[in-house]
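1 is the number of the first residue of the sequence shown in UniProt numbering; add one for each residue after it. Here's the structure, in structure tokens; my notes come after.
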Amino acid sequence: MKRVHVAVGVIVNEQGQVLLTRRHNDAHQGGLWEFPGGKVEAGESVVDALARELAEELGISVLASRPLIEVSHDYGDKHVLLDVYLIEKFGGSPAGMEGQPMVWAPVTDLDGYEFPAANVPIVDSVVSTLA
């Protein structure tokens, strides 16, 4: 079975909203909302992978972050390990650099978004930490 290690960022703005991006329809779990991030490359630390992915996907730099939760999930066709960090401070203004839709969502509204199954524990953690 394919195993994928992913660095994930829960990005919080000054209004206490979190940034969500929507997966491209042709991607695994396409069309669902997620917290941005991407694959950790061989030999790369999670923190370095997260900084690289958020720069590539959103055009921002991570200035302050801390670990939030680690999630292991089996989709049947692939197993994902999500290393999730709370991004408390960032530089730049996030934009969908890869054409992906994005939205700043109030923490209290997260239950109104459709997430991949592996993201459910992240949503619960975000709500308990930030709400």
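Cβ atoms here follow ideal geometry from the backbone N, Cα and C, with glycine treated the same way.
Look at Leu32 here: in three-state DSSP terms it is coil, with no helix or strand label. Two segments are said to touch when three or more pairs of C-beta atoms, one from each, lie closer than 8 Å; by this definition the segment 9 to 20 touches the segment 98 to 105. The shortest CA-to-CA distance from Arg52 to any of Ala27, Val6, Glu88 and Ala117 is the one to Val6.
Residue burial is scored here from C-beta neighbours: Pro36 has at least 16 other C-beta atoms within 10 angstroms and is therefore classed as buried. Under the 10 Å beta carbon count, Glu98 is surrounded by fewer than 16 other beta carbons and is classified as exposed. Straight through space, the alpha carbons of Pro116 and Ala131 are spaced by roughly 21 Å.
The alpha-carbon separation between Ile87 and Val47 amounts to approximately 11 Å.
Residue pairing of Asp74 in beta bridges, as defined by DSSP: His79.
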